[in-house]
Each structure stands twice: as structure tokens, then as C-alpha cells.
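Positions in the sequence shown are counted from 1; adding 9 to them yields my numbering.
Virtual Cβ for every residue (Gly too), placed ideally from N, Cα, C.
Worksheet: the structure to be examined is printed underneath.
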Amino acid sequence: MTRSAGRTPTASTGRGASPGAAPSDAARVVVSQGRVNYGDLTVFEGIDLTVKDREIVSIVGPSGCGKTTLLRCIDGLTRLNSGTVTVDGKPLNGPMPGVSMVFQHFGLFPWKSVYNNVAYGLKLQGAPKEQIEETVPKYIKMVGLAGFEKSYPHQLSGGMQQRAGLARALAVEPQVLLMDEPFSAIDAQTREILQFELLRIWEQRPIAMLFVTHSIDEAVLMGDRVVVLKGRPSRIHEVIDVGIPHPRTRDTLSTPRFHDVKGHVWDLLMQEVIAAERQVG
Ligand SMILES: Nc1ncnc2c1ncn2[C@@H]1O[C@H](COP(=O)(O)OP(=O)(O)OP(=O)(O)O)[C@@H](O)[C@H]1O
Ligand SMILES: [Mg+2]
């Protein structure tokens with residue numbers, strides 16, 4: 010189900026200065042009637058979600074609504090209890106090459122250097138030595154960690170660890186990138202820098218991306234669409250077409266459209282908070 014925000018202006022169809030970044034009609038990821046439960050707890054149900062090639066879909070929703078679980082299902086780490094996930098038309102039966110995830114808490118191996126953390130996915134795929142030697146330094150440089158190849162995660166700041174996690178996910182040159190609150194644990198200034206760096210990296214090589222965040226600003230800045238999960242069990246409450254062309258810059262943050270979409274997402278999430286408070290009261 011895809012709906013535009015009720016009180017937001019009509020979505021823009023033009024995508025501005027980055028023609029390579031226009032989403033294609035090709036569906037990369039399709040979740041159909043997805044449901045997950047842990048024992049008696051049904052986390053989400055009835056999830057229908059399509060992510061197209063060259064599209065960024067942001068996901069917002071209250072803590073515990075199943076955002077991480079949903080990404081894990083698409084990464085093949087967790088199985089749906091009912092429904093299906095397909096990637097490029099193929100049903101998922103476990104982790105699939107071409108799908109890469111940046112974890113909520115960095116997910117680096119503490120005993121591996123930055124170089125070996127970034128090389129990990131390529132080694133797992135059995136990439137030849139020459140490819141690893143060419144690719145790993147490229148992505149370490151791209152995320153601004155050149156010079157830190159031999160450092161271990163405990164020797165890095167949170168922002169640097171997050172950059173290393175991003176380089177590791179990008180190094181396998183995925184077709185689908187799953188980002189689970191990638192910038193939540195870093196300071197506001199670094200976060201803003203990384204948001205725009207990620208957008209620039211994506212504009213150079215636009216792929217299908219799912220971006221989970223608790224920040225409404227970040228969801229609207231990054232996403233072509235914003236999916237709002239709500240309820241218990243959670244469901245897709247609304248899908249908002251952001252309608253802001255790429256490339257996105259700091260100026261995007263002060264456009265009327267950005268404020269409208271942000272306000273709409275805020276209203277949707279506040280309804281949930283007020284409903285939860287009424288239940289408690
Ligand atoms: N392995 C597990 N076993 C049992 N319950 C789990 C497991 N993983 C997650 N849950 C439960 O599933 C629900 C959804 O968890 P999930 O981590 O997907 O939420 P989330 O939306 O990512 O939350 P947050 O915003 O806090 O990261 C929670 O109630 C959590 O306790
Ligand atoms: Mg989570």
C-alpha cells in the first residue's frame with residue numbers, strides 16, 4: 010500500500026540534477042504479507058513493502074515495533090513466520106549476495122583491524138586477492154578512514170567505527186543496502202556530515218536502500234519514501250512520497266516541502282505516543 014501524505018503538496022516527479030539517481034520501476038526487494046512473532050508476541054503483520062532499484066526508503070516507528078527485525082528478515086538473518094521476501098524476484102532462504110547491512114551498533118569485529126573488517130564480506134564471498142586489495146582501500150578512503158587501516162575498533166571514535174561499518178557494507182558493492190539506525194550513536198555534527206556523505210556515495214552508485222531511523226529529519230532527508238510503522242502488532246500505517254529531487258543538500262532542510270513532510274510524519278508518530286499514554290493512563 011502506497012499513499013501520499015494527506016496534507017502535503019503533490020509529490021514532485023522531476024528528480025533534478027542527478028538523472029542516474031531516478032528510481033527505476035524494477036523492484037529489488039518485495040516483502041509480501043510479512044509477519045514475525047516471537048512466541049506469543051506478534052511483532053508485525055501484513056507488511057507489504059517494495060523497494061525499487063535506485064530508491065531509498067526510510068522506515069520510522071516506535072521503539073520495539075520491529076524495524077530491526079524487518080531488516081534482518083530482508084538480510085536473511087531472521088525468517089518471516091508467514092509471508093515472503095524476494096530479492097530480484099528470488100525468494101529469500103538465508104543471506105544473499107548483493108544484500109548488505111549496516112548494524113544498529115556498528116557490528117564490527119573487535120579483534121579485526123579496520124582493513125580486515127572492511128575486507129570481511131569480500132573474503133566471505135571468496136573474492137580474489139587482487140579484488141580485495143583494490144576494493145578495500147577504495148572504500149576505506151571513501152568513508153574518510155585512510156590512515157586508520159591498521160587500527161582496531163576500540164582505537165576508533167564512535168563516528169569512525171560507524172564509517173568502518175559503512176565501508177564494510179559498501180565494499181561488497183551491494184545491490185541492496187540495509188541501514189539500521191546507522192548514525193544514532195554519533196554526535197550531531199558527525200551525523201550530519203555522514204548523512205550527506207552517504208547521499209553523495211549513493212548518488213555516485215544509486216542502489217536500493219532501506220534506512221531505519223528514529224530521526225524524522227533524517228528519514229525525510231534520506232528517503233524517497235518514508236514508511237511509518239505503527240500499532241501492536243505493528244503494520245504499515247502510511248507510506249509518504251517525499252517528492253524532493255536528488256541531489257539533496259543542506260538547502261533541502263529549509264525547503265517548504267521538507268517541512269511539510271516532516272510535520273506530517275511527526276503528526277503520525279505523535280498520534281501513536283498519545284494513544285500509548287492513554288492506554289497507560
Ligand atoms: N531474538 C528475539 N527474541 C525474542 N524477542 C525479540 C527478538 N528480537 C527482537 N525481539 C522483540 O521483537 C520486538 C521488535 O524488536 P526490534 O529490535 O525489531 O524493534 P525495533 O523497532 O528495531 O526497536 P528499536 O527502535 O528500539 O531499535 C521487540 O519487542 C523485541 O523485544
Ligand atoms: Mg532496532
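- By the CB criterion at 7 Å, Ala-180 and Leu-219 fall outside the cutoff.
- The region 112 to 130 makes no contact with the region 257 to 275: fewer than 3 CB pairs, one atom from each, lie closer than 8 Å.
- Ser-243 is bridged by DSSP to Phe-53.
- Ala-136 sits in coil when the DSSP states are folded into three classes, being neither helix nor strand.
- Within the DSSP secondary-structure output, Ser-263 pairs in no beta bridge.
- Shortest Cα-Cα distance from Lys-76 to any of Glu-247, Leu-238, Phe-267 and Val-248 involves Leu-238.
- Distance between Leu-101 and Thr-93, taken at the CA atoms: about 8 Å.
- DSSP places Arg-44 in the strand class (E or B) of the three-state scheme.
- Residue Val-185 holds the alpha-carbon nearest to the alpha-carbon of Gly-85 among Thr-144, Val-185 and Glu-227.
- Gly-240 and Asn-90 have their C-alpha atoms some 19 Å from each other.
- For Phe-205, the enclosing alpha helix (DSSP H) has its first and last residue at 197 to 213.
- Remark: fewer than three beta-carbon pairs, one from each stretch, lie closer than 8 Å, so the region 188 to 199 and the region 138 to 148 are not flagged as touching.
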